[in-house]
Amino acid sequence: MSESQVTIKLTSDEALVLSHWLEKLQMTDLSQVVDDPAVWAPIHRIAGTLDKTFPELFASDYDERLEAARQRLRTED
Numbered sequence: 068m069s070e071s072q073v074t075i076k077l078t079s080d081e082a083l084v085l086s087h088w089l090e091k092l093q094m095t096d097l098s099q100v101v102d103d104p105a106v107w108a109p110i111h112r113i114a115g116t117l118d119k120t121f122p123e124l125f126a127s128d129y130d131e132r133l134e135a136a137r138q139r140l141r142t143e144d
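Residues in the sequence shown are numbered consecutively from 68, following our numbering.
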């Protein structure tokens, strides 16, 4: 059975903040945070996709961009 694809759309701010969080998550022992190993593959796939398509992750002012994105997202609530 072939599986259909799912597309998720994020703003640049959402992508930046999510990518940072996923990177931190991947640096931990995933088995202590995520109790179902079936979830690991999608986590790695999403993180990898963000890394490949979002050049801001490697900008010299990354920390400033990340904090600004966090602030903008917090004010949207």
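Beta carbons: idealized from backbone N, C-alpha and C, even for Gly. Only a predicted model underlies this, so the values are computations on that prediction, with no experimental measurement involved.
Practice item. State whether the region 91-106 contacts the region 124-143, with contact taken as three or more CB pairs (one from each stretch) at a distance under 8 Å. Key: Contact between the region 91-106 and the region 124-143 is absent, because fewer than three Cβ pairs lie under 8 Å.
Exercise for review: Out of 86, 137, 113 and 110, point me to the one whose CA is closest to residue 125's CA.
Suggested key: Distances from the alpha-carbon of residue 125 to those of 86, 137, 113 and 110 put 86 closest.
Check your understanding: Which runs of the alpha helix (DSSP H) fall wholly inside the region 70-126 and span at least 4 residues, in chain order?
Key -> Those alpha helix (DSSP H) runs which fall completely within the region 70-126 and span 4+ residues are 79-93, 97-100 and 107-120.
Practice item. Starting from the C-beta of residue 128, find all residues in its chain whose C-beta is less than 6 Å away, skip the five residues before and the five after it, and write them out in chain order. Key: So the list is empty, once near-sequence residues are dropped.
Review point. Taking just the CA atoms, how far does residue 79 sit from residue 135?
Key: Just so you know, the alpha carbons of residue 135 and residue 79 end up roughly 11 Å apart.
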